[in-house]
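Comments concern the structure below.
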């Protein structure tokens, strides 16, 4: 059932009896309780804590220490986990540094950031929820008012690569919603807080509050507030498993967008799909390292052709070794019995990215109910959504797309119910209020209606 290719990726034949357990095992690995952590990450945490703690245990310790010790704990974990010894005054990127990065940036790069900003802004404004006002009966006025959050925190990864795209896909939706205060946290690395292009993008997007902290300690700092980093109302943005679990841990102290952990893609392919395209899409998510890439196909011979294409492309790409490691640990090529089984397995995985690479993707779409974002057709690689199309690339992972949604401008709005009545409305609703208040024994509730009704009913 699971055979070894020159690329040691799982190969599952669903016609075999042992396929069910192999798929269940893969699903467990990719769940929020999984252990999708790079070998370097495991070694580093073991060295810091003196024992091989599970990711949830690591996150709990970090968050508790930051809550109790503030900035001191943040700097301590930055030194131990990131290998960077920051002074308190070095944590926040200065306005001068942002200005310098922007001034020295390539004009073509800044123009690209500006164009993508408009793409995202156009989409996010179009889907923005509007206030609602209704009058269900004479004298009763109801409404739903939407107001932007006051202050949000944005997590931008920066361990293995620079991600100005994540900045765009988080900051711009927040701006579309009307958020005024945005605090960005990014690891103190050459790809993060010391990356000129990322800092230039911050300045281009009007973000001047940027902190050189990452990982679970950055999430805790945003949630609890520490010296120099005021607490926020909501934390958004992707990250590794430790960031995702930290967001889960602090939820309730603040709001979060979703459990946006390591990147993942499920690709459904029929006989019309191009193996080279499929291989490229699987590698594109695996190169995040870690990242999970799964092929579901019922086309005879497609698994073998994709495996060959993977080998060719991995040998040619600069991040091929990183992608290979992810494919071997968290990837799978699954040969399904038929189209129906592919649809069922996709909904079971509930992936962050779902690419329907079939001759008629619209036909399958109504049955594919669980995914963070869906990419339709052979010419729509996930990279379009990652970088430029308009919807945010911050999406639920680890199977949470069963109930969670991708980030949008609406996630930065609070809903407030509005209720107003005149004498007619009070008279119409009062009998029902009295009855339920009597049933529940809440006499003061009834009295608050009766005292008003008695006055308006006087001749």
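In the numbering used here, the protein residues as written are 1325 to 1783.
Glycine included, C-beta positions come from ideal geometry on N, C-alpha and C.
Sequence-distant residues of the same chain with beta carbon closer than 7 Å to residue i, five excluded per side
i, result
"residue 1662", "1622"
"residue 1566", "1379, 1382, 1383, 1539, 1540"
"residue 1526", "1422, 1491, 1508, 1534"
"residue 1635", "1330, 1331"
"residue 1549", "1555"
"residue 1667", "1688, 1691, 1692"
"residue 1571", "1543, 1559, 1580, 1583"
Opening and closing residue of the beta strand (DSSP E) in which residue i lies
i, result
"residue 1505", "1505-1509"
"residue 1717", "Neither: residue 1717 is in no beta strand (DSSP E) and is coded neither H nor E."
"residue 1729", "Unbroken run through residue 1729: none, as it is neither H nor E."
"residue 1615", "1615-1621"
Simplified DSSP state of residue i, which is helix, strand or coil
i, result
"residue 1562", "coil"
"residue 1667", "helix"
"residue 1575", "strand"
"residue 1402", "helix"
"residue 1769", "helix"
"residue 1457", "strand"
"residue 1741", "strand"
"residue 1334", "strand"
"residue 1300", "Only positions 1325 to 1783 of the chain appear in the structure, and residue 1300 is not among them; the question remains open."
"residue 1518", "coil"
"residue 1724", "helix"
"residue 1692", "coil"
"residue 1553", "strand"
"residue 1592", "strand"
"residue 1340", "coil"
"residue 1467", "strand"
Residue i versus residue j: straight-line alpha-carbon distance, rounded
i, j, result
"residue 1524", "residue 1594", "43 Å"
"residue 1401", "residue 1646", "25 Å"
"residue 1759", "residue 1742", "23 Å"
"residue 1702", "residue 1601", "8 Å"
"residue 1787", "residue 1531", "The displayed coordinates of the chain run from 1325 to 1783. Any statement about residue 1787 would go beyond what the structure contains."
"residue 1349", "residue 1331", "20 Å"
"residue 1633", "residue 1450", "39 Å"
"residue 1499", "residue 1580", "17 Å"
"residue 1459", "residue 1713", "39 Å"
"residue 1559", "residue 1504", "14 Å"
"residue 1385", "residue 1545", "13 Å"
"residue 1542", "residue 1444", "26 Å"
"residue 1369", "residue 1563", "16 Å"
"residue 1592", "residue 1752", "56 Å"
"residue 1764", "residue 1770", "10 Å"
"residue 1605", "residue 1722", "18 Å"
"residue 1653", "residue 1333", "7 Å"
"residue 1766", "residue 1461", "26 Å"
"residue 1574", "residue 1434", "35 Å"
"residue 1637", "residue 1738", "46 Å"
"residue 1607", "residue 1590", "12 Å"
"residue 1397", "residue 1432", "40 Å"
"residue 1495", "residue 1346", "40 Å"
Beta-carbon proximity list for residue i, same chain, < 6 Å, skipping 5 on both sides
i, result
"residue 1719", "1676, 1696, 1697, 1730"
"residue 1744", "1465"
"residue 1327", "Its pLDDT being 36, under 50, residue 1327 is placed unreliably in this model, and the value from its coordinates should be taken loosely. Cβ neighbours of residue 1327 beyond the five flanking positions: 1335."
"residue 1394", "1550, 1551"
"residue 1596", "1683"
"residue 1416", "1535"
"residue 1755", "none"
"residue 1473", "1503, 1557, 1558, 1736"
"residue 1674", "1694, 1723, 1725, 1726"
For residue j and residue i, believed in contact at Cβ under 8 Å, the rounded distance
i, j, result
"residue 1463", "residue 1774", "Not really, about 18 Å apart at Cβ, beyond 8 Å."
"residue 1351", "residue 1672", "7 Å"
"residue 1488", "residue 1428", "About 15 Å; that fails the 8 Å criterion."
Start-to-end residues for the alpha helix (DSSP H) that takes in residue i
i, result
"residue 1500", "1488-1501"
"residue 1680", "Counting along the chain, residue 1680 falls outside any alpha helix (DSSP H), though it belongs to the beta strand (DSSP E) covering 1677-1681."
"residue 1424", "1419-1428"
"residue 1583", "From DSSP, residue 1583 is part of no alpha helix (DSSP H); its letter is neither H nor E."
"residue 1710", "1706-1711"
"residue 1478", "Where residue 1478 is concerned, there is no enclosing alpha helix (DSSP H), although the beta strand (DSSP E) it sits in stretches over 1475-1479."
"residue 1699", "Careful: residue 1699 lies outside any alpha helix (DSSP H), inside the beta strand (DSSP E) at 1697-1700."
"residue 1412", "Counting along the chain, residue 1412 falls outside any alpha helix (DSSP H), and DSSP gives it neither H nor E."
"residue 1350", "1343-1353"
"residue 1446", "1431-1450"
"residue 1537", "Where residue 1537 is concerned, there is no enclosing alpha helix (DSSP H), given that its DSSP letter is neither H nor E."
"residue 1389", "1379-1393"
"residue 1608", "1599-1610"
Beta-carbon contacts of residue i that lie in its chain and below 8 Å, excluding the five residues immediately before and after
i, result
"residue 1750", "1463, 1773, 1776, 1777, 1780"
"residue 1740", "1468, 1469, 1470, 1471"
"residue 1686", "1700"
"residue 1403", "1409, 1410"
"residue 1518", "1512, 1536"
"residue 1414", "1536"
"residue 1419", "1532"
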